[in-house]
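Residue numbers (our numbering): 1495 to 1769.
We put the CB at the ideal spot given by N, CA and C, even for glycine.
The structure appears below as structure tokens.
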Ligand SMILES: C[S@@+](CC[C@H](N)C(=O)[O-])C[C@H]1O[C@@H](n2cnc3c(N)ncnc32)[C@H](O)[C@@H]1O
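Written as structure tokens, this is what we have:
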């Protein structure tokens, strides 16, 4: 797998780490008093939220036992290195069809990934999460790919950045064909997510939208993520790498043109309970 296709560079960005720490803090607050927490992280990727949760659990004297599931095998191997815990389990599987019975988890995380599933898979994944949680168990999600992720003042940046990147990619690939609109860009609203959770049997405990300031390095890192790059430039699988490079090459100039130091972006965060 080429580096340009992985999410890992963005997962190392301080702003990204922080917004996930905030989600974990909310979950830990609701689970206060538990001696042991059994966690299932769906779409775990390289395992950042679980790794952060282990740190928090250790600091507060809680025993964490985590299961990480993803359908990207190389990401799971990386997660094993990043999480580095003997009692963690790694499962290669689909969040919409969990390969186990009712496990009685205390918490299910779906961080930075639910937007990637199509409408039917989202519903199934939420019903599956509900099924494997114990009564009173928590479901926690966040995403910055939803209708509300772009603060008004960030819009000139995206317009200019995408225009520059299209010029750049057309120079690299003069005969490229545009790809289909990808699912990551088909944004749901915060209400849509809350309704999906209610329909799956959850009660919303908290829902908030967090403003995050992305540095140039963070914007470059997110550009290297295949789904982002394909969506932003309507690129095909074959052209994903060139799309990512075109986006990365134009970040600095776009920040400079608009005299910006940070790009504001909003993360939707929801914590719900199995009623
Ligand atoms: C952006 S990464 C997020 C990783 C991690 N949760 C985090 O917050 O850093 C999204 C992950 O979702 C995974 N994914 C997408 N669809 C999935 C599905 N149906 N079942 C399991 N994993 C899925 C991808 O393979 C990818 O690793």
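What residue does the alpha helix (DSSP H) around residue 1653 start on, and which one ends it? As a first step, residue 1653 must be located in the chain shown, where it is residue number 159. Residue 1653 -> alpha helix (DSSP H) spans 1649 to 1666.
Does the count of Cβ pairs from the stretch 1628 to 1645 and the stretch 1600 to 1614 closer than 8 Å reach three? yes
Following a CB-centred definition, is residue 1760 positioned closer than 8 Å to any heavy atom of ligand 1? The residue given as residue 1760 occupies position 266 in the chain shown. No, the beta carbon of residue 1760 sits no closer than 8 Å to any heavy atom of ligand 1.
How would you call residue 1514, buried or exposed, if buried means at least 16 neighbouring beta carbons within 10 angstroms? On the chain shown, position 20 is the one that residue 1514 refers to. Buried, because 16 or more other Cβ atoms sit within 10 Å of the Cβ of residue 1514.
Using a threshold of 9 Å, state whether the C-beta atoms of residue 1710 and residue 1651 are closer than that. Reading the chain shown from its first residue, position 216 is the one you call residue 1710. Reading the chain shown from its first residue, position 157 is the one you call residue 1651. Going by C-beta atoms, residue 1710 is not nearer than 9 Å to residue 1651.
C-alpha gap between residue 1764 and residue 1692, whole angstroms: Taking the first residue of the chain shown as position 1, residue 1764 is located at position 270. Taking the first residue of the chain shown as position 1, residue 1692 is located at position 198. Cα to Cα, residue 1764 sits roughly 12 Å from residue 1692.
Going by Cα to Cα distance, which pick from 1561, 1618, 1583, 1577 is closest to residue 1589? If you number the chain shown from 1, residue 1589 lands on position 95. It is 1618 whose Cα lies nearest to the Cα of residue 1589.
Give me the Cα-Cα distance between residue 1829 and residue 1713, rounded to the nearest whole angstrom. Coverage of the chain is limited to positions 1495 through 1769, which leaves residue 1829 absent and any answer about it impossible.
Would you tell me roughly how many angstroms separate the C-alpha atoms of residue 1571 and residue 1540, rounded to the nearest one? Sequence index remark: in the chain shown, residue 1571 carries index 77 (1-based). Sequence index remark: in the chain shown, residue 1540 carries index 46 (1-based). So the alpha carbons of these two residues sit roughly 8 Å apart.
Can you tell me where the beta strand (DSSP E) holding residue 1629 begins and where it ends? For the purposes of this step, residue 1629 is taken as residue 135 along the chain shown, with counting starting at 1. Per DSSP, residue 1629 belongs to the beta strand (DSSP E) from 1627 to 1637.
Looking at C-alpha atoms only, which residue of 1701, 1736, 1768 is the closest neighbour of residue 1516? In the chain shown, residue 1516 corresponds to position 22, counting from 1. It is 1701.
Under the criterion of a Cβ to heavy atom distance below 8 Å, does residue 1564 qualify as lining ligand 1? Counting from one through the chain shown, the residue named residue 1564 turns up at place 70. Yes.
Between the CA atoms of residue 1727 and residue 1656 - distance to the nearest angstrom: For the purposes of this step, residue 1656 is taken as the residue at position 162 of the chain shown. For the purposes of this step, residue 1727 is taken as the residue at position 233 of the chain shown. Distance between the alpha carbons of residue 1656 and residue 1727: 7 Å.
With distances taken from CA atoms, which of 1738, 1733, 1507 is nearest residue 1723? Position 229 of the chain shown, counting from 1, holds the residue named residue 1723. Ranking the options by Cα distance to residue 1723, first place goes to 1738.
Rounded Cβ spacing between residue 1530 and residue 1561 (contact assumed at less than 8 Å): Residue numbering aside, residue 1530 sits at position 36 when the chain shown is read from its first letter. Residue numbering aside, residue 1561 sits at position 67 when the chain shown is read from its first letter. That pair is no contact at about 14 Å.
Please give me, in chain order, every unbroken run of the alpha helix (DSSP H) with length at least 4 that falls completely inside the stretch 1704 to 1746. Runs of the alpha helix (DSSP H) inside the stretch 1704 to 1746: 1710 to 1717, 1720 to 1727.
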